[in-house]
Amino acid sequence: MQCLFRLGDDRPVVTCADGYVRTDGVGRRGLLAGAIALFLAPAARAAVADAATLVKANSLPSAAMAAYLDQFQDFQRESGAPITGDPLFQAEMAAARATGATRLAEGASFLRDDAELSWIARHYAAQLAAGAPFAHEDAGGRHPGDRIALLHRRMVGVNAENLFTNSVFDPDRAEAAGRLAVDNLMQSPGHRANILDPRWTHAGCGAAAGREGFFLVQLFAERAALLMEAMPVRLSPGTPLPAGCQQAAEGTFSGLALVPLDREVAAEDFMRPGSATAPTRRGPHRSFFARTQEMTARTAKFTIHPGPMLLVN
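The sequence shown begins at 205 in the working numbering and counts up by one.
Printed below as a string of structure tokens:
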């Protein structure tokens, strides 16, 4: 069940939608994922997505997936590289520093910046600032894990998202806005858990401002592996997967699978790195990567990590 709980105007509103699943990182799927949104301060709101929320079956048709990726790439080109003096970039950096300091103070590890995660966060923040609903599910039915799987073509690992908004943004106090966002997020148990989760190795942060106010998006990831090269967006049925997509530039894995979005990953789906080919079934697929956890003479245990989506057509 996906739940959104909002407090405001003296009356709580609860909305729920069934049918969402996630990966728990140890080879099973089907756990229920939750989301919470709270009024944390006057004119400020925040929302949290549980780790590795995946896709509702059949909610991402092939054409919509390709169009969304094109939209993201256009956004990157039009935005250009972040500029140090840009108030929104200053807010992002202040939020990242505050997050890092908070984690270190609580005994959690330092998070490395992932530039592509920051672009994904920035892109979603811009959509929220332009009037998109303040929620983890966007108008196309994509959840945080879907957006990362579509847009980060090399990332392997579970992830989570925090959202924050404030009706006021003063460009002259941009760094204060970034720190305020993290301070408010830390007041909510769900957001705090995301910020301090010891699994995370990398993070990205994006900010935007518009007629709907100021928005900050935090993305966290346990980067189990970084593919040697970007996963192709499309492959023909039976086509060998490019060699660089079967090798890790960072991290390790011992098997990979390409699974249709409407079913669970199974042991028989996995192929040895170096011999993987696209399935014969057409449509959107999600990649999964297996890492050896324990090996004995008779048994082997693996952890399973989600990777990029691709279209088989």
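C-beta: ideal position from N, C-alpha, C; glycine also.
| Asked | Found |
| --- | --- |
| Output the residue ranges of the alpha helix (DSSP H) runs that lie fully inside the stretch 320-368 and measure 4 residues or longer, sorted by chain position. | 348-355 |
| Would you decide whether Glu365 is buried or exposed? Buried here means 16 or more other CB atoms lie within 10 Å of its CB. | buried |
| In the DSSP assignment, the beta strand (DSSP E) including Phe276 goes from what residue to what residue? | Looking at the DSSP string, Phe276 is not in any beta strand (DSSP E); the run it does join, the alpha helix (DSSP H), is Ser266 to Ser283. |
| Less than 7 angstroms between the C-beta atoms of Ala413 and Phe368, yes or no? | no |
| Under the three-state reduction of DSSP, which class applies to Asn370: helix, strand or coil? | strand |
| Pick out the complete beta strand (DSSP E) segments inside the stretch 363-432, 3 residues or longer, and give them in chain order. | 363-370, 406-414, 417-425 and 429-431 |
| Going by Cα to Cα distance, which pick from Leu460, Ala501 and Arg403 is closest to Leu431? | Leu460 |
| Could you name the residues of the same chain whose beta carbon sits closer than 6 angstroms to that of Ala378, not counting the 5 residues immediately before and after it, in chain order? | Pro291, Gln294 and Ala295 |
| For the beta strand (DSSP E) containing Pro488, list its first residue and its last residue. | Gly487 to Met499 |
| Give a yes or no on whether 7 angstroms exceeds the smallest Cβ distance from Gly448 to chain D. | No chain D is present in this structure, which holds just one protein chain. |
| Going by DSSP in three states, Gly311 sits in which element: helix, strand or coil? | coil |
| In the DSSP output, what is Asp317 paired with across the bridge? | Ala407 |
| Does the distance from the C-beta atom of Ala482 to that of Val516 stay below 7 angstroms? | yes |
| Take every Cβ of the stretch 437-453, pair it with every Cβ of the stretch 398-415, and state whether three or more of those distances are shorter than 8 angstroms. | no |
| Give the range of the beta strand (DSSP E) segment to which Leu445 is assigned. | Run containing Leu445: none; DSSP gives neither H nor E here. |
| Please identify the residue among Phe474, Arg427 and Gly448 whose C-alpha is closest to the C-alpha of Arg316. | Arg427 |
| Tell me which residues share the same chain as Val469 and place their Cβ nearer than 7 angstroms to its Cβ, disregarding the 5 neighbours each side in the sequence. | Arg233, Ala461, Val463, Phe492 and Ile508 |
| Could you pull out every residue in the same chain whose Cβ sits closer than 6 angstroms to the Cβ of Phe279, ignoring the five residues on either side in sequence? | His327 |
| For Ala245, name the three-state secondary structure that DSSP assigns. | Any reading at Ala245 must be qualified, since the residue scores a pLDDT of 34, below 50, and its modelled position is unreliable; the value itself is stated next. Strand, per DSSP. |
| Under the three-state reduction of DSSP, which class applies to Thr306: helix, strand or coil? | helix |
| Can you name, in chain order, every residue of its own chain whose Cβ lies under 6 angstroms from the Cβ of Ala411, other than the five neighbours on each side? | Leu292, Ala295, Glu296, Ala329 and Leu420 |
| So, helix, strand or coil for Phe293, using DSSP? | helix |
| My guess is that Met269 and Met513 are in contact by the Cβ rule of under 8 angstroms, so how many angstroms apart are they, rounded? | 7 angstroms |
| Under a Cβ-count criterion, where at least 16 other Cβ atoms within 10 Å of its own Cβ denotes burial, should Ala501 be classed as buried or exposed? | exposed |
| Pull the bridge partners of Glu454 from the DSSP assignment, please. | Leu430 |
| Out of Ala381, Pro488, Arg467 and Ala312, state which residue places its alpha-carbon closest to the alpha-carbon of Ala299. | Ala381 |
| Look up Pro510 in the DSSP assignment and give the residues it is bridged to. | Phe492 |
| Exposed or buried, Thr303, counting other C-beta atoms within 10 Å across all chains shown (16 or more means buried)? | buried |
| So, at 8 angstroms on beta carbons, what are the nonlocal neighbours of Ile352 in its own chain, with the 5 sequence-adjacent residues on each side left out? | Leu321, Ile324, Met359, Asn363, Leu423 and Ala425 |
| Answer yes or no: do Leu354 and Leu273 have a C-beta to C-beta separation smaller than 7 angstroms? | yes |
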